[in-house]
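Just so you know, the sequences run in chain order A and B. Each number in this note's numbering comes from the position in the first sequence (counting from 1) with 588 added on. Each number in this note's numbering comes from the position in the second sequence (counting from 1) with 588 added on. All residues carry an ideal CB built from backbone N, CA and C; glycine is no exception.
Number of protein chains: 2
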Amino acid sequence: MEIQKIETQFLEYVRKMTSYNEAIGLMYWDLRTGAPKKGVEQRSEVIGMLSSEVFKMSTSEEMAAYLAKLSSPQVKEQLSEITSKTLEECQKEYDRNKKIPADEFKEYVVLQSKAESVWEQAKHESNFSMFEPYLEKLVAFNKKFIGYWGYEGNKYNTLLDMYEPGVTVDILDKVFLQLREHIVPLVKAIAESDSKPETSFLYNHFPKEKQRAVSLELLKEMGYDFNAGRLDETVHPFATGLNPGDVRVTTNYDENDFRTAVFGTIHEGGHALYEQNISQSLVGTPLCSGTSMGIHESQSLFYENIVGRSLAYWKKNYDLLKEYSSGQFEGISIEDFYRGINESKPSFIRIEADELTYPLHVMVRYEIEKGLFNDEIEVKDLPKIWNAKYEEYLGITPENDAKGVLQDVHWAGGSFGYFPSYALGYMYAAQLKQAMLKDLPNYDTLLEEGNLQPIKEWMTEKVHQHGKLKKPLEILNEVTGEGLNASHLISYLEEKYSGVYHL
Amino acid sequence: MEIQKIETQFLEYVRKMTSYNEAIGLMYWDLRTGAPKKGVEQRSEVIGMLSSEVFKMSTSEEMAAYLAKLSSPQVKEQLSEITSKTLEECQKEYDRNKKIPADEFKEYVVLQSKAESVWEQAKHESNFSMFEPYLEKLVAFNKKFIGYWGYEGNKYNTLLDMYEPGVTVDILDKVFLQLREHIVPLVKAIAESDSKPETSFLYNHFPKEKQRAVSLELLKEMGYDFNAGRLDETVHPFATGLNPGDVRVTTNYDENDFRTAVFGTIHEGGHALYEQNISQSLVGTPLCSGTSMGIHESQSLFYENIVGRSLAYWKKNYDLLKEYSSGQFEGISIEDFYRGINESKPSFIRIEADELTYPLHVMVRYEIEKGLFNDEIEVKDLPKIWNAKYEEYLGITPENDAKGVLQDVHWAGGSFGYFPSYALGYMYAAQLKQAMLKDLPNYDTLLEEGNLQPIKEWMTEKVHQHGKLKKPLEILNEVTGEGLNASHLISYLEEKYSGVYHL
Chain A
589 MEIQKIETQF LEYVRKMTSY NEAIGLMYWD LRTGAPKKGV EQRSEVIGML
639 SSEVFKMSTS EEMAAYLAKL SSPQVKEQLS EITSKTLEEC QKEYDRNKKI
689 PADEFKEYVV LQSKAESVWE QAKHESNFSM FEPYLEKLVA FNKKFIGYWG
739 YEGNKYNTLL DMYEPGVTVD ILDKVFLQLR EHIVPLVKAI AESDSKPETS
789 FLYNHFPKEK QRAVSLELLK EMGYDFNAGR LDETVHPFAT GLNPGDVRVT
839 TNYDENDFRT AVFGTIHEGG HALYEQNISQ SLVGTPLCSG TSMGIHESQS
889 LFYENIVGRS LAYWKKNYDL LKEYSSGQFE GISIEDFYRG INESKPSFIR
939 IEADELTYPL HVMVRYEIEK GLFNDEIEVK DLPKIWNAKY EEYLGITPEN
989 DAKGVLQDVH WAGGSFGYFP SYALGYMYAA QLKQAMLKDL PNYDTLLEEG
1039 NLQPIKEWMT EKVHQHGKLK KPLEILNEVT GEGLNASHLI SYLEEKYSGV
1089 YHL
Chain B
589 MEIQKIETQF LEYVRKMTSY NEAIGLMYWD LRTGAPKKGV EQRSEVIGML
639 SSEVFKMSTS EEMAAYLAKL SSPQVKEQLS EITSKTLEEC QKEYDRNKKI
689 PADEFKEYVV LQSKAESVWE QAKHESNFSM FEPYLEKLVA FNKKFIGYWG
739 YEGNKYNTLL DMYEPGVTVD ILDKVFLQLR EHIVPLVKAI AESDSKPETS
789 FLYNHFPKEK QRAVSLELLK EMGYDFNAGR LDETVHPFAT GLNPGDVRVT
839 TNYDENDFRT AVFGTIHEGG HALYEQNISQ SLVGTPLCSG TSMGIHESQS
889 LFYENIVGRS LAYWKKNYDL LKEYSSGQFE GISIEDFYRG INESKPSFIR
939 IEADELTYPL HVMVRYEIEK GLFNDEIEVK DLPKIWNAKY EEYLGITPEN
989 DAKGVLQDVH WAGGSFGYFP SYALGYMYAA QLKQAMLKDL PNYDTLLEEG
1039 NLQPIKEWMT EKVHQHGKLK KPLEILNEVT GEGLNASHLI SYLEEKYSGV
1089 YHL
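Dropping the structure here:
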């Protein structure tokens, strides 16, 4: 069969690309976990060499020929589902990379790397005007790219689609509004509550090695497979799936706040469970990874917050934590502990925000990005707009731009459309939890018993195994029977925080 | 300039090959130091994919074109020295790979991998006849390859040249005979000596973490740069130079014999100093690595034995070792310690042999390989010949083939011509030491003071920096003013062991 032969060649070609990406992934992991610093420059060159090879392959004439030969409807229906979806991914990548004129793309890559280092300096000096011209250009480039790529409905949709295929401004406007209408009053009620949790016990000295031991136990309990992964230490925690048999997690230890490592590890562990349990049949294709940023975050946030900050979970694990600690929890009841780790209050920095206020940080960024790409907001006005939005949503005004508009690296790297995924992750997680309860009505008992196996298996069946074979909203619909719905997250937050703050 | 443009393209092409090799090197290091086992199969595929890419590049039409365009004498004299030598390396590789018909090479690769697993089983069962047909075929293939490659003087020279360019049967016959004539009587004298060193104190319990601490200190003292390397634990110790800024060392800890880690670390540290100090100007070319197996071993053996098993070295470091130990050296004088770590006696296994008897193990293998490729020895007679040679050189006969002819993996992997490098390393090391004494007459004092910096700098100037820019015998001649000369090693061994055994 002629078609079968081309299909085999195409899959072989794609396998080479994923192999190169796996090598690149390992080099990044190594750079972040302990590569000797004098080798970094040369290693970066090796990474650059391989990355540019993958880029060339994704836009080569050979790729174009495969796409042309295999994409017609009559041919496509003869292909396996995996080949067919792989073809779609490659087509998307091909179009995205090919439609931008080569010299413009090159200029953009240079700009990105310059902008990142300028941003770092600007943040250090809390000087927005230093970063402003670069941000102007980054936005202008992306506007031009949207022109090349085209858009449906709203220009910003094209950017959203890169991180969360199928999720649009229409959808987000609706759910974010609904979310805000419930979170903002809840934040106010908490601020006014007379029943604040005690938190001083959180900050006692907890030796690093003991924190590592706890982290290992918690990962194991989640169902993280240490024969297919390992835990290392880095400044910024991450999880990386090189292939389903090699998904590595890192964490960071703050000896004066055990929560950094404990919740960081659980969070990255959630990402890792996803990557470890993708079907082996997808290995060697671009489908062998999480389907979107938002669904990925749903897994990490489900484990970090819905599981990891619940009372039932700590009924099982509080003794373990006490055992490894140096006595800091003496006299602290489990209820007080639970309330302590769920303290909520408005703050300036997104990545330090608690579960309740976090979505508000995302919304500020979403509103700004949407405005920028629809010519309703200008870059020069960002600090003013940023501060006004923080006042409106969170009731606080950042004292400077370092703690405000300059805090995140995303824009400096040209990543517009990324932020909403974080909030989507919360909503997906709450929706998945609701659906899970129907199949696992004994969910709370499972947590109290430390029996997280059925929970992981449920997630694997519904989410993990599919990799990119299914789109985010497709998974959501199949598993929950509905589209994006903020009310599950709202109920969860209202119930939880009414309890914590005795509202 | 047309030539300059081709030269630039050629160097860019070569840089890509070395980049891929660097990525492969890191993946190997990772596989051996802690990669999760479930990811190994897929990672091996990635390594295979990249390796075959490098192989293709080394024999491609593009490579052929570069070689054709740049190799003519008129063109070559316009090239930089680095390009010119790089060209020679590529030509050698090209010829070696191209001259073997593709289907034969493929068959040979399959045979190699089968032979290795059969060898493992045969060794386990101590059953030479199981391995014999594979070894027959491996030898036959290599004979055919020699036919394709051609030879000068002796067929075996072609194989020797792969590991030690310029070293021939004529040279080796002469030095090995000379060496044997002095070592064999020395071994006998030691066996008959009444003054054997005490060794029981060597086998006390020495905790792994403490051994690691000692290893780190000794590496630092040698001048190993931890900003360009790291120390990890593996079953089989090794050093790997990914680039001069990233040269990693591993060691193995035996809690009942600290010598495994201490001398293993110093040995690998010697290899690492070589790779860390290759000139930056060679990065990205095939010249950026040790010039030969033998010169590499000269570095590891110089540090392990000539430095690391000397009395002067331990005058500085014995207290350090004592400090980390759990008291096993109490009441053991430094002279007794020195004698203990220099115990020598005939043994069956090459890799466990002491410094004095080691060259004899190598000679057995050399004689056999030379005989095989000159049709003077048949594979079926190897066990008999092996045992006779051990009796002749070492005065002992292996009790079975697992401890005899089946002990090494080299032949199963088709590596014929490799073994002599180990003995050459000893001879080179002793010659270098003699030359060093002229420039550093205070050598012993330097060791006693733990000031190894001038020693490393001397080695860097004379050996390390050049990478493959100079051939092994070229280095030897330039540094010592003479060719291969066994008498320096002989004097060193005679003097040392007369002392240790009070002969």
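Query: Neighbour list for glutamine 799 (chain B) in chain A, Cβ cutoff strictly below 7 Å; Result: Within 7 Å Cβ-Cβ: nothing; glutamine 799 (chain B) doesn't reach chain A, min ~19 Å.
Query: Touching by the beta-carbon criterion (3+ pairs, under 8 Å), the region 865 to 882 of chain A and the region 1005 to 1024 of chain A; Result: yes
Query: Alpha-carbon spacing of leucine 899 (chain A) relative to aspartate 907 (chain A), whole angstroms; Result: 13 Å
Query: C-beta neighbour in chain A for asparagine 815 (chain B), strict 8 Å; Result: yes
Query: Neighbour flag for valine 871 (chain A) against chain B, beta carbons, 8 Å; Result: yes
Query: Beta-carbon gap between lysine 558 (chain B) and glycine 811 (chain B) smaller than 8 Å; Result: Only positions 589 to 1091 of chain B appear in the structure, and residue 558 (chain B) is not among them; the question remains open.
Query: Collapsed DSSP secondary structure at arginine 768 (chain A) in the structure displayed; Result: helix
Query: N-terminal and C-terminal residue of the beta strand (DSSP E) that leucine 1012 (chain A) is part of; Result: From DSSP, leucine 1012 (chain A) is part of no beta strand (DSSP E) but of the alpha helix (DSSP H) over 1008 to 1027.
Query: CA-to-CA distance, valine 837 (chain A) to glutamate 676 (chain A), given in whole angstroms; Result: 30 Å
Query: For glutamate 724 (chain A), three-class secondary structure by DSSP; Result: helix
Query: CB contact below 8 Å: asparagine 831 (chain A) versus chain B; Result: yes
Query: Chain B residues whose Cβ lies nearer than 8 Å to that of serine 877 (chain A); Result: None at all; the shortest Cβ gap to chain B is about 14 Å.
Query: Close beta carbons around serine 877 (chain A), own chain, < 8 Å, minus the five adjacent residues each side; Result: Gly829, Glu863, Ile866, Gly1055, Lys1056
Query: Cutoff 8 Å: arginine 631 (chain B) Cβ touching any chain A Cβ; Result: yes
Query: Under the three-state DSSP convention, the category arginine 836 (chain B) falls into; Result: strand
Query: Nearest to lysine 852 (chain A) (by Cα), restricted to the options A:Glu809, A:Ser886, A:Gly896, A:Met951; Result: Before going further, note that residue 852 (chain A) is glycine rather than lysine in the sequence given. Of the listed residues, the one whose Cα sits closest to glycine 852 (chain A) is A:Gly896.
Query: Cβ neighbours of leucine 658 (chain A) in the same chain (closer than 8 Å, five flanking residues each side left out); Result: Ile591, Ile594, Glu595, Phe598, Lys664, Leu667, Thr671, Leu675
Query: Bridge-paired residues (DSSP) for leucine 819 (chain B); Result: B:Val837
Query: Contact set between leucine 638 (chain B) and chain A, taken where Cβ atoms lie within less than 8 Å; Result: Ser607, Tyr608, Ala611
Query: Beta carbon proximity, methionine 615 (chain A) to chain B, threshold 8 Å; Result: yes
Query: Below-8 Å beta-carbon distance, alanine 623 (chain A) vs any chain B residue; Result: yes
Query: Whole-angstrom distance between tyrosine 1016 (chain A) and isoleucine 759 (chain A), CA atom to CA atom; Result: 13 Å
Query: Start and end residues, alpha helix (DSSP H) containing leucine 609 (chain A); Result: Before going further, note that residue 609 (chain A) is asparagine rather than leucine in the sequence given. Element bounds for asparagine 609 (chain A): 590 to 621.
Query: Cα-Cα separation between phenylalanine 729 (chain B) and phenylalanine 826 (chain A), rounded to whole angstroms; Result: 50 Å
Query: Separation of phenylalanine 961 (chain B) from valine 727 (chain B), as counted between CA atoms; Result: 8 Å
Query: Same chain only: Cβ atoms within 7 Å of lysine 968 (chain A), ignoring 5 sequence neighbours per side; Result: Glu720
Query: Same chain only: Cβ atoms within 7 Å of leucine 804 (chain B), ignoring 5 sequence neighbours per side; Result: Leu819
Query: C-beta contact flag for proline 785 (chain A) and glycine 872 (chain A) at 8 Å; Result: no
Query: Collapsed DSSP secondary structure at glycine 896 (chain B) in the structure displayed; Result: coil
Query: Against chain A: residues of the region 1001 to 1023 of chain B by CB proximity under 8 Å; Result: none
Query: Sufficient close CB pairs (3 or more, under 8 Å) joining the region 643 to 650 of chain B to the region 597 to 615 of chain B; Result: yes
Query: 6 Å Cβ shell around arginine 620 (chain B) - same chain, five flanking residues per side excluded; Result: Thr822
Query: 8 Å Cβ cutoff, proline 1056 (chain A) in contact with chain B; Result: First, the residue type needs correcting, since residue 1056 (chain A) is lysine and not proline in the sequence shown. No, lysine 1056 (chain A) lies away from the interface with chain B (no Cβ there is under 8 Å from its Cβ).
Query: CB contact below 8 Å: valine 634 (chain A) versus chain B; Result: yes
Query: Spatial neighbours of asparagine 840 (chain B) in its chain, beta-carbon cut-off 8 Å, leaving aside the 5 residues before and after; Result: Glu821, Thr822, Val823, His824, Pro825, Thr848, Ala849, Gly852
Query: Contact list for glutamate 627 (chain A) against chain B, beta-carbon separation under 7 Å; Result: According to the sequence displayed, residue 627 (chain A) carries glycine and not glutamate. Within chain B, the residues near glycine 627 (chain A) are Ala816, Leu830, Asn831, Gly833, Asp834.
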